[in-house]
Amino acid sequence: DNEINDNYFTTFENRADKASFVIDMVRKKGERASSQMIALLCEEDPFLSENLGLMRKHN
């Protein structure tokens with residue numbers, strides 16, 4: 001399984017590296033996983049989602 005724990009993330013230098021890893025991992029899982037991540041991001045942070053153009057694509 002692709003479960004990740006907090007200790008794994010300590011190997012990354014910064015938040016951008018962590019985010020990039022998570023995004024790449026989700027993209028590899030396919031369209032459904034990507035859509036679910038976008039929906040969650042839109043729900044959790046509408047301001048960021050709108051600035052990234054995710055709100056229009058997802059809704």
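Numbering-wise (full-length UniProt numbering), the sequence shown opens with residue 1 and increments by one. Just so you know, even glycine gets a beta-carbon here, dropped at the ideal spot from N, CA and C.
Distance check for residue j and residue i, CA to CA, integer angstroms please.
i     : j     : result
Val22 : Ala39 : 15 Å
Ala33 : Asp24 : 11 Å
Leu48 : Lys29 : 23 Å
Arg35 : Asp45 : Correcting the residue identity first, residue 35 is Ser in this sequence and not Arg. Answer to the nearest angstrom: the Cα atoms are 15 Å apart.
Met37 : Ala16 : 17 Å
Asn14 : Glu43 : 24 Å
Ser20 : Glu31 : 17 Å
How about residue i: is its C-beta nearer than 9 Å to some C-beta of chain D?
i     : result
Asp24 : Of the protein chains in this structure there is only one, and it is not chain D.
Apart from the five residues on each side of it in sequence, which residues of its chain come closer than 6 Å, Cβ to Cβ, to residue i?
i     : result
Leu41 : Ser49
Phe12 : Lys18
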